[in-house]
Amino acid sequence: MRNTLIDLLDDLVEVKSEFVTLKAVLLGKEEEIQNLKAQLEGKTKLTFDGKIYWLEGDKTPYCSKCYEKDSLAFHLSFAKAYPCLGIVNIGIA
Numbered sequence: 036m037r038n039t040l041i042d043l044l045d046d047l048v049e050v051k052s053e054f055v056t057l058k059a060v061l062l063g064k065e066e067e068i069q070n071l072k073a074q075l076e077g078k079t080k081l082t083f084d085g086k087i088y089w090l091e092g093d094k095t096p097y098c099s100k101c102y103e104k105d106s107l108a109f110h111l112s113f114a115k116a117y118p119c120l121g122i123v124n125i126g127i128a
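Per the working numbering, residue 36 is the first one in the sequence shown, and the count goes up by one each step.
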């Protein structure tokens, strides 16, 4: 009887340990899902005009090369020429 109780307690400890591990994995997956949702939401907000990306309500465009290659949204704000994009003048002061 005592051996059975010890075996059951060992099994319980093992199950609790597995539960903690699975809970940590689940939390990690939930965080990953939230990050992906945020990225997807950001992608749907930027619109492409054929040369550069714009965010509605923002007067400064975003670099299409950076956005398409690395999914990074960087403003183009300090120059009028962007040879990497083939843009000579985008009308930004």
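Idealized CB from N, CA, C, for every residue including glycine.
- For Tyr97, the closest of Gly85, Leu111, Lys86, Lys104 by C-alpha to C-alpha distance is Leu111.
- If only uninterrupted beta strand (DSSP E) runs of at least 3 residues are considered, those enclosed by the region 51-112 are 81-83, 88-90.
- Note on geometry: alpha-carbon atoms of Ser99 and Asp93 lie some 15 Å from one another.
- At least 8 Å separates the beta-carbon of Ala108 from that of Leu71.
- Across the structure, Leu61 and Asp46 are spaced so that their CA atoms are roughly 22 Å apart.
- The alpha-carbon of Lys104 is positioned some 22 Å away from that of Gln69.
- Within the same chain, no Cβ atom closer than 6 Å to the Cβ of Asp84 is found once the five residues on either side in sequence are excluded.
- Pairing Phe54 with Val48, the inter-Cα distance amounts to about 10 Å.
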